Each structure stands twice: as C-alpha cells, then as structure tokens.
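2 protein chains.
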Amino acid sequence: MAQPSGRTGRTSTTLEEVAHLAGVSRATVSRVVNGSPRVSPDIRVDVQAAIEQLAYVPNRAARSLVTRRSDSIAVVITEPSGRLFSDPFFPRLLRGISSELAARERQLVLLMPDSPADESRTAEYLTAGHVDGALLVSLHADDPLPGRLAAAGIPVVLVGRPPKGTKASYVDVDNRQGAQSAVAHLLAGGRRVVATIAGPKDMAAGTDRVAGYRDALTEAGITLDPSLEAPSDFTQQGGAAAMARLLAARPDIDAVFAASDLMAAGALSTLASAGRRVPQDVAVVGFDDSPVATSTTPQLTSVRQPIEAMGHEVARLLVDAVEAADPVPRRVILATDLVRRASSAGRPSP
Amino acid sequence: MAQPSGRTGRTSTTLEEVAHLAGVSRATVSRVVNGSPRVSPDIRVDVQAAIEQLAYVPNRAARSLVTRRSDSIAVVITEPSGRLFSDPFFPRLLRGISSELAARERQLVLLMPDSPADESRTAEYLTAGHVDGALLVSLHADDPLPGRLAAAGIPVVLVGRPPKGTKASYVDVDNRQGAQSAVAHLLAGGRRVVATIAGPKDMAAGTDRVAGYRDALTEAGITLDPSLEAPSDFTQQGGAAAMARLLAARPDIDAVFAASDLMAAGALSTLASAGRRVPQDVAVVGFDDSPVATSTTPQLTSVRQPIEAMGHEVARLLVDAVEAADPVPRRVILATDLVRRASSAGRPSP
DNA sequence: TTCACGCGTGAGAGCGCTCTCACAGTGGAT
DNA sequence: ATCCACTGTGAGAGCGCTCTCACGCGTGAA
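Taken in order, these protein sequences are the chains called A and B. Numbering-wise (my numbering), the first sequence opens with residue 1 and increments by one. Numbering-wise (my numbering), the second sequence opens with residue 1 and increments by one.
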C-alpha cells in the first residue's frame, strides 16, 4: 500500500458526465439512479438514455462515503475445519446467501478466520464499520463475537440456533420436528425398539434431534429407555462406535435414528459387521440428506434440510435489519422433509 | 435504497481528529497510517499514540475514492452445483484464499452466479471496477468471462488449468506427476495389469491424469493398452460402471488407478460385487485424498492435492498482478503427495 | 557568510456521490 | 389579480481520505 498502483486505471463515467449529456444537473441524475419519484417522466427517460449510452455505473466508494453504508454484508465462517471440509452444508448455504444478496445488490464479503489471532482481526474488521452487518455461521458456544458486534451496534443474524440463549436473530431448521418425523416413520414401518445415535449435547442440533426422537416415541405411547440413546459426535467413526455400544446393550434393536448421515453410515458398517441386515433386521434413518446418503448400501432414508432456503432467509433477515430502524430480533424456523430410501423400508406385515 | 437508513450511525474517528490530538496535519497522520518513511520518528510515535487512543480505523470508502482501488478481490465460483456440493475442494480452496487475502488486507468478495442471468450480472459487476481483480474458480470451457475481464483490463488468475489455451495466469496441481506417482506405486507393489478410470476428456485434470498414468507404464517398459483405459465422469456411479466395463474387457486386471476418490469408491463397490478382494486381488488408488478416501473399506490410497496452498498461491498471484505495472501471466504448478493406505498394499512377494 | 539542497511538514484541492435547501414554475382557491 | 401550496430542478456543501506542491528549517559546500 506504500506504492500507488502503476496501473493506468480505466476511468469510468461519472454522474457529472451523464448529467452533462442529458442536459440536467447531477442531482437529477442521482435521483433517477436511486429511483426517486420526484423526477418528471420525460427527463427520466432522457437521463436513462444517457446512462445507457455512457454505460454509467455508480461509484460505490463515493456513494458509501456519503451514505455511510457499505452495502456489503460479511459472512463469517468460524469452523475448525472438520465439518467444513466434509459436509456440503457450507457451499450450499453460501449459495443461498449469495443468491439473496446478489438480488438485493449487496456485496458478500467472506471471512474465514482460521486462528485465534485471525478471529480477533475479524472482530476488529467487523466493528470497524466496513460492512453493514454480519452473518455468523458456525458459532462456538463461547464465541465472544456476537457480544462484541452487538456492543458495536452491528446488525447480526445467526445461522442455526446458538447453544446459549441469545437476543440475536437466527434462522434454523426444525430439528425437533425433523427427528420426530423420522422416528414416526420408523414406527409406522412396524419397528418397535428404536434407538438413536445422538449429536453432541452442547449443540442445539444435537439436543433438538434427541427431543424429536423422544417426542415420537412418547406420542406412540412407548416408554423412553436411556439405553437406547447413544451420544456421539456427528462423525462416521463416532457413529460406528455408538452403534456398537447400542448393539451390545440392546441386541433387540430393530431401528436406529442417527442424527447425521455420516453417523448413519458408520452405523451401517457396524451393523454389516455384526451380521444384521438393513433394512430387514434393522432400519436406519439419517439426517441431513447429504451426498453420503445415496452412496451407502443400502441408500439412506434421511431428513432433508432446506439449506439454500436457510441461506436466503438469513440474508433476507439481515438486510432487513440493516434497513430497519428498529432491529427487533426475529427467529425463523424452516421445516424439514423426510426422504425415504431403502434403509428404512417397512417390514412386510407379519 | 430510496430511503436513508434510520440507524443513527456509530460515527467513527477521522484522520482529522487524530491529527488534532497529535498536534499535526492530516497529511502527516496519513503518512504514518500508510507507512511512509518521510516522517520523523518522534512525530510518528505521537501519531501512533493518538491513533491507538482514538481507536482510529481508516475509512475504506474515502480511501478508495481517491486511490481508485477497492482493495477487494472477487472470487467467482461458477459451478453447476454437482461438484460444488460433494467435493470439499471449494471450502478448502476458499480457506486458502481467505487466509492469504486477510494477511494482505484485502477483502474477499464472493460471487456464486447460479443462473445465466446471474452470470451476466456478475460480469457487469466485475467490469464495473468494484474489485481490483478476480479469481475464477471453475471455468467452463466456453466461458466468456476471462475474455470480458481481459478486455476490461481487470487482472485475473484462474484456479486450475483451463481446457483451452489462455493467456491468463493460473495455478494448478501437477496432475500428471501425481497420477504418474500413483501408478508407479502400484507397479512397485508388484502389479502388472494396471487399468485406469479416467476423468472427462474435456477437462485438463482428466487428460493430465491419463497422461501421468501412461508415463508410469511407459517408464516401466509396459506397452499401453487402450482396453485398460475407461473414461468416466468423476462420480461414484460413473466409477462403478467404468470398473464393470474394465472387468468385462480385462478380467486379469490386478490394479486400478482412478482419477478421483469418488470414482475409486465406485470401483471398490463393483469389485466387491464381483468377488474381487482389495487389495489382495486388485489394488486401487484414487485421487484427491478427499474424506471419502478414509470412509471406504478398505481405506483408499490417494493422491493428495495441496488445495489450501493453491488458494494461497492463486491469491498471492492476483494481488501481485494488481500491484504490478506489468501483468506478465504466470503459471504455478504445485506438487502432489501420495498417501498410502490399505487399498494398495503390495502383494506379498511370490 | 551565503547559497543550494534535501528533508519533514502543512495547506489545500479534489476523488464521485448524496442530500439539503433555495428557487422557478404551475395551478387552484380566494 | 393575488396568494398559496406544491412540484420539479439546480446549486453547492461536504463525506474522509490521498497526494501534490510549497514552504521552512537545518546542513554542508563555496
């Protein structure tokens, strides 16, 4: 930055030039560009013609300088790289966010801090007012970021319900309902001893899915049994190990609801080693409907999450919050969808 | 945009205020901020103290307005969503890019056009001068974007060698050498009838990996045999089908090099159905070292690509190109690394 | 002592835009 | 005819910064 660029910049057209060509003042061109109603139709047409002819594009920097808005939104992904690299969640979410922001003419500024030093730099960047708001993607339970941003008055929307209660807006899928429908589906298929491989207890997605599992059993009048609930960590290895524990404790299991497809895939391999046939002996349902679900044998029934829709929703919420004078926190919960595949085919009625 | 925001902005400190506190002029503070050597040490200290005290952060918009640089770099991902959602390539690449750009104090503006209309909007955005340069991630063979950007004088760096020859800078992994080392490893393990499941012919990664496969055989004095080369499409299903074709044509195959882990995983399932043991009867090597490689049975030997390094390199190249007066195209080829796992364990010597 | 030179510093213009305010023109009510 | 309200337009200030240019001061050579 010490050196000015040697590049002889492509100088773009300015408002001034458009105004000159159209025979009006800068102010009028500005009004046309920004869609003000206070412009007579004929002048508007002239100005638009001039804009077209000169291929005029407003200079964001100049505009930002006076409006004190950057029209950019930060997306902060703080993920220690495990899930980031194995789960298609992030690309899909980014696509949803990107498409919404593009439609709203906002820039998407991506931040992926990958060290504690980086994270504090991220916080400084965000609070410096370079962006109008921030989308926080995978928050640690103890992340100080939401607090710092709130203190700095930066609008924030979270993706996924944060583990601790928070005042911030967030968008999440209906994990509980999704899990409930998965287990209800197993019960409807004639299964009676339904276990679950759960996610970590310190993640909302973990606890909510267990709650949904219990809901379904309770609704069906089945007494809950702690020996049928094996906590795990959302990974394939973890799922395999949890399945082994479940089989050891309860050999009579005839169905498993895993809180992620990766864990379900792990469970499948353990079941295969144990000589249990899927779905004849044990039915399996996963969660996420990730690509893994169609590459296992048999293919996995799974709870599909509307990830792109989440992206859209979260971006919409944030842009609205930036524009609104009253940033009332909102939460949006999106419904899930059970995708039926071979792993949970119902038993032939006896 | 018609309405000014109702938000009562957190007004940040300005150069002016820092200058006042330090008892110097704006120009001097600016010099300190931008690291000019033409400032006496004692004054520099005073100014830095004032900056610290007021928590001064330069206003990007004001700076951009005069420097005519945005200090932001666009990353354009044009991927029809197949690979985007199944391959961890993109998150890893983004992380590499992000970390390099953060270190260089550049903003990463992410663009993911997902419709033709979107793509033309993207082109307009990029040529409007809102960013200093663009990183193009997964280019179609016939994508007009590089041409349009070149015409507009926007610096561009490509990730991966483009199918058609191009004058643009790019960074790629050494696909040919990677494939060569994989096949050499199979030969060193005592394999003699080595087949390959290749990628599409219209992708550089596809043809380069076949070339590497042939290199290794030729070096070992083995005559090439077209019946051992099965083109496919980088997907698991495609890999499974290609493996079936290979087995039908050449039942004597004792090793397979697949140009992607997904295809290798498909090959494994076909081999299992055909009753061939891996690695005893047939050794298998994949490419990418993706998470799939460790979730198959047996785990896959695979060629690891330095994806984060690619991200770093590509970002470095672009920032350098933006700063340099003479944008001489450069190409950087990164070495790969063979990760040995069970799927290619050598035969016990006879 | 005088002059030239270089170095550190300040004054001020200006980047392209928005937005307030003033003003001219129009038309309806008095 | 007079006044008022209202609408459309233009003039101009100013957002926060960089950068050129001029200036004053100290230093070394003449």
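All residues carry an ideal CB built from backbone N, CA and C; glycine is no exception. Since this is a predicted model, take the numbers as computed values, not measurements.
Interface annotation, H312/B: not in contact with chain A, CB-CB separation never under 7 Å.
Where V39/B is concerned, there is no enclosing beta strand (DSSP E), because DSSP gives it neither an H nor an E.
Apart from sequence neighbours up to five positions away, the residues of its chain that approach I51/B with a beta-carbon distance below 6 Å are V18, ordered along the chain. Put simply, the backbone Cα of S64/B is about 17 Å away from that of Y125/B. Within the segment 84 to 104 of chain B, those residues whose Cβ lies closer than 8 Å to any Cβ of chain A are, in chain order, L84, F85, S86, P88, F90, P91, R92, L94, R95, S98, S99 and A102.
Between L318/A and V157/A a beta carbon distance of about 4 Å is seen, short of the 8 Å cut, so the two are scored as contacting. Proximity of chain B to Q236/A at the Cβ level (cut-off 8 Å) is accounted for by S295, in chain order.
Taken in chain order, the members of the segment 106 to 117 of chain B whose beta-carbon sits within less than 8 Å of a beta-carbon on chain A are Q107, L108, V109, L110, L111, M112, P113 and D114. Distance from the Cα of V76/B is smallest, within the candidate group L108/B, L338/B and R69/B, for L108/B. Counting other Cβ atoms within 10 Å of its Cβ, S227/B stays below 16 and is therefore classed as exposed. Under the three-state reduction of DSSP, P327/A is assigned to coil, being neither helix nor strand. Taking 7 Å as the threshold, the shortest C-beta distance from H130/A to chain B falls below it.
Taking C-alpha positions only, S40/A is separated from R31/A by approximately 11 Å.
By the Cβ neighbour-count rule, S181/A is buried, with 16 or more other Cβ atoms within 10 Å of its own. In this structure, F234/A keeps its C-beta atom at 7 Å or more from the C-beta atom of S273/A. Within chain A, the residues whose beta carbon sits less than 8 Å from that of L65/B are N59, A61, A62 and L65, listed in sequence order. For S120/B, the closest Cβ of chain A is not nearer than 7 Å.
D202/A is classed as exposed because its beta carbon has fewer than 16 other beta carbons within 10 Å across all chains shown. Counting the other Cβ atoms within 10 Å of the Cβ of N34/A gives fewer than 16, which makes it exposed. Residue-level contact by beta carbon holds for S12/B and chain A, with a gap shorter than 7 Å. No residue range can be given for L224/B, since it is assigned to no beta strand (DSSP E) and is classified by DSSP as neither H nor E.
Between the segment 146 to 153 of chain A and the segment 306 to 317 of chain A there are fewer than three inter-stretch CB-CB distances shorter than 8 Å, so the stretches are not counted as touching. Per DSSP, A188/A is one residue of the alpha helix (DSSP H) stretching across N175 to A188. L262 and A265: these are the residues of the segment 251 to 265 of chain B whose beta carbon lies less than 9 Å from some beta carbon of chain A, given in chain order. Along the segment 20 to 45 of chain B, going in chain order, the ones with a CB nearer than 8 Å to a CB of chain A are N34, G35 and S36. When DSSP states are grouped into helix, strand and coil, D233/B belongs to the coil group. Exposure of P144/A is indicated by the presence of fewer than 16 other C-beta atoms within 10 angstroms of its C-beta.
In the structure shown, T207/A falls within a helical segment according to DSSP collapsed to helix, strand and coil. Residue environment analysis places E219/B among the exposed positions, since fewer than 16 neighbouring C-beta atoms fall within 10 angstroms of its C-beta.
Proximity to L21/B across Q299/B, S269/B, L54/B and T207/B peaks at L54/B, based on C-alpha coordinates. Less than 7 Å divides the Cβ of L268/B from the Cβ of T296/B. For the options L93/B, R92/B, A117/B and G96/B, the alpha carbon positioned closest to that of A103/A is the one of A117/B.
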